[in-house]
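Its first residue numbered 18, the sequence shown is counted upward by one per residue in this note's numbering.
Right, one structure below, let's go through it.
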Amino acid sequence: MADIVPAAVRSRMMSGIRAKDTKPELVLRKGLHNAGFRFRLHRRDLPGTPDIVLPGYNAVVLAHGCFWHGHDCPLFKLPSTRQEFWQTKIERNRAVDAKTTAALKELGWRVGVVWECALKGRTRLPLDDVIGACTKWLRSDRPELEIRGK
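As structure tokens, then:
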């Protein structure tokens, strides 16, 4: 398909993939809001335009999709077609993630990552546990948080 579909058309096909307001992000936002947290969304003035920004806690929460960020879990499977393309794309996404996290930390932000597998699929955790872990982290002084499926 790569040979017969022009790059411009493939680009338009990829443009249908959401970068914000994904289902895992919406679930996190609703849970944090119900827990009493108020936040800003997608602040463009911060590296990587973080999903959820909690200025009062000097923290950002990133909702990472397991496929797009190449997470080592059951939700990630490299496609069998165009493997070189996908491998390159996912490696680039991982490099951008590392650069973004480092830049946020350098600016003094605490960074939390909630993986999609913690919210859906056979490895998902109870939503109350995910929101509870986020709440505990936000009220602490720990610099990092990572929540992944079991």
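Every residue, glycine too, gets a C-beta built ideally from N, C-alpha and C.
#1: Can at least three beta-carbon pairs, one atom from the segment 92-104 and one from the segment 42-60, be found at a separation below 8 Å?
#2: Please report how far the alpha carbon of R27 lies from the alpha carbon of C83, in whole angstroms.
#3: Please report the distance separating the alpha-carbon of K37 from that of P160.
#4: Here's the rule: buried if 16 or more other CB atoms are within 10 angstroms of the residue's CB, otherwise exposed. What is A119?
#5: Is the distance from the Cβ of V7 to the Cβ of V128 below 8 Å?
#6: Can you name, in chain order, every residue of its own chain whose Cβ lies under 8 Å from the Cβ of L144, other than the five neighbours on each side?
#7: Express the C-alpha separation of V130 and T117 in angstroms, rounding to a whole number.
#8: Taking just the CA atoms, how far does N75 sit from V22?
#9: Alpha carbons only, please: which of P72, I107, P96 and H59 is nearest the one belonging to A80?
#10: Provide the residue(s) that pair with W132 in DSSP beta bridges, ordered along the chain.
#11: Grab me the residues of W85's own chain with a C-beta within less than 7 Å of its C-beta, minus the 5 sequence neighbours each way, in chain order.
#12: Can you tell me whether V113 is buried or exposed, with buried defined as 16 or more other CB within 10 angstroms of its CB?
#13: Taking DSSP's pairing of strands, which residues face V44 in a bridge?
#14: Three-state secondary structure (DSSP) at R111?
#15: Go through its chain and collect everything with a Cβ distance to M18's Cβ below 6 Å, but skip five positions before and after it.
Let me spell this out:
#1: no
#2: Here the model assigns R27 a pLDDT of 49, short of 50, so the residue's position is not dependable and the matter cannot be decided.
#3: 24 Å
#4: exposed
#5: Outside the displayed range of the chain (18 to 167) lies residue 7, so it cannot be described from this structure.
#6: V44, G48 and L136
#7: 12 Å
#8: The pLDDT assigned to V22 is 49, lower than 50, so where the model puts this residue is not dependable; a value taken from the coordinates is nonetheless given after this. Each residue's Cα considered, the two are about 45 Å apart.
#9: H59
#10: H81
#11: N110
#12: exposed
#13: According to DSSP, V44 bridges with nothing at all.
#14: helix
#15: Legend: pLDDT at M18 = 48, less than 50; position of this residue unreliable, value from coordinates given subsequently. Cβ neighbours of M18 beyond the five flanking positions: none.
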